[in-house]
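These notes concern the structure reproduced below.
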Amino acid sequence: MSEQRQTEQRVVIVGAGMAGVQTAVALREQGWTGPVTLIGAEPHQPYDRPPLSKAVLLGKAEGSAFDVDFEALGIELQLGREVMGVRPLAHEIDTPSGPVPYDVLVVATGAQPITLPGSEGVPGVHLLRTLDDAARLRPVLDEKHDIVVVGAGWIGAEFATAAREAGCAVTVVEAADRPLAGTMPAEVAVPMADWYAESGAGLLTGARVAKIEPGTVVLADGRRLAAGAVVVGIGARPATDWLAGSGIELGPDGSVTADSRLRTSLPDVYAVGDCASFPSHRYGERLLVHHWDNALQGPRTVAANIVGETPQDYDPVPYFWSEQFGRFVQYAGHHAAADTLVWRGDPAGAAWTVCWLREGALVALLAVARPRDLAQGRRLIESGAPLDPERAADPSVPLKSATL
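Sequential numbering from 56 applies to the sequence shown in the working numbering.
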């Protein structure tokens, strides 16, 4: 796009989390000279979310604001401003204080936690998604309450870890028969169940919550668990309700259906981060990735496509990490279509890796306390190099040396 046209074009980014902030920064880094406006629903300076379940929650940090000088970059911040809808024909978004015009719109509203039916408004029930959520939970940990965590996914494990570190008694209840049932196959998730007991946390699987009363969680089988506080971590869904009626295509999961360049079904509208799915040529399916790295990488593609000089397709190797129960867990790739699973190391030990292969090539891996495996494996996934399963299964052989 010519510099003169850029100067006249207003980019409006809705959502001031990682994806929105990085899109604004990437536009400036890639030479965009036109006005950039970043609109956030929360009143706080834009902040990073991973520390909320760790340092911020435990009082080791007051906040996690991004180290970005928005004024110096010429990025207009509008915080504490809810966006209610899009009118594409008028090229405007609607807010309680009036419409905001745009030439290019970026949807970066992220995801919102799924609430437990019947728990809304019950005293002592918490979610952990925002800075305010973490602020409400800090005194709960300080007072050493008995805590029940609903959901043994990534966020549930991370919160249970922090609560145990704070000295709270913790019971995690999971409706499925194992932790991480929605993301990991049984043979991988089952060894991870032992981590809860090692840390002193209780884990009840096959335990469905019937209702939450003040101070008590009632399970479907009649068991009653004392709970000074309840933390619900049963997943998140794209925060896209505000797009209803806009003509922007959404998938069955509520995500914006973006194309390979992260464009939506409407002209001049892009979507990035937790709220957007994209077609992966690498994996042959549409992916919805609710992780920090996706919100870091995607904005560079969006910015390149808005600037228009070197348009890019978005086809990353997904990556995320989790710190739980004294372990650093990393995952790269996408294992849904894998045909072979290879273990590197003993899952009962302190450090091990699982590799997923498809037609002999590495497509995903989960590394527990083996960061070198992760770094080498990520590059092997990107290159599509075939692996020798026998050599890959030997944890003393570097993964990069197990290629054929």
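Quick reminder that beta carbons are idealized off the backbone N, C-alpha and C, glycines included.
Alpha helix (DSSP H) segment containing residue i, residue limits
i	result
G289	Residue identity differs from the one stated: residue 289 is Ile in this sequence, not Gly. Taken as a continuous stretch (DSSP letters only), I289 belongs to no alpha helix (DSSP H), as it is neither H nor E.
V272	That residue, V272, is in no alpha helix (DSSP H); its beta strand (DSSP E) goes 271–274.
L412	Note, L412: premise wrong, no alpha helix (DSSP H); beta strand (DSSP E) at 407–413.
G432	426–438
E340	First-last for E340: 340–343, but that is the beta strand (DSSP E), not the alpha helix (DSSP H).
Distance CB(residue i)-CB(residue j) smaller than 8 angstroms
i	j	result
T238	E97	no
L192	H181	yes
L442	A416	yes
H345	D368	no
I130	V162	no
L274	A265	yes
R219	G255	yes
T312	L305	yes
A291	A190	no
V423	A406	yes
S310	A331	yes
Three-way DSSP call (helix, strand, coil) for residue i in this model
i	result
S332	strand
S377	strand
K115	coil
G353	helix
A391	coil
R233	coil
Q64	coil
V243	helix
P402	coil
I361	helix
T319	coil
D149	strand
Y386	strand
A71	coil
V76	helix
T216	helix
L298	helix
L454	helix
A284	strand
A252	helix
Limits of the beta strand (DSSP E) - the one that residue i falls within
i	result
A447	Not the beta strand (DSSP E): A447 falls in the alpha helix (DSSP H), residues 444–447.
A416	416–423
I267	264–268
A326	324–326
V162	159–162
T238	Neither: T238 is in no beta strand (DSSP E) and is coded neither H nor E.
G257	257–260
Where in the stretch 167–213 do unbroken runs of the beta strand (DSSP E), each at least 3 residues long, occur, reported from the N-terminal end onward?
-> Every beta strand (DSSP E) stretch that sits fully inside the stretch 167–213 and reaches 3 residues is listed by chain position as 202–205.
Can you give, in chain order, each stretch of the beta strand (DSSP E) that sits fully within the stretch 80–144 and has at least 3 residues?
-> Entirely contained in the stretch 80–144, the beta strand (DSSP E) runs reaching 3 residues are, in chain order, 91–95, 130–134, 140–142.
Flag this pair as touching only if the stretch 349–357 and the stretch 61–81 have three or more C-beta atom pairs under 8 angstroms; answer yes or no.
-> The stretch 349–357 vs the stretch 61–81: in contact.
Does the count of Cβ pairs from the stretch 379–393 and the stretch 112–130 closer than 8 angstroms reach three?
-> No: the two stretches stay apart, fewer than three of their Cβ pairs being nearer than 8 angstroms.
Are the stretch 276–295 and the stretch 209–220 touching by the rule of at least three beta carbon pairs closer than 8 angstroms?
-> Flag = yes, the stretch 276–295 and the stretch 209–220 touch.
Given 8 angstroms, three or more beta-carbon pairs between the stretch 234–254 and the stretch 146–155 | No, the stretch 234–254 does not touch the stretch 146–155.
Is it true that the stretch 360–374 meets the stretch 220–239, where meeting means three or more beta-carbon pairs spaced less than 8 angstroms apart?
-> At 8 angstroms Cβ cutoff, the stretches do not touch.
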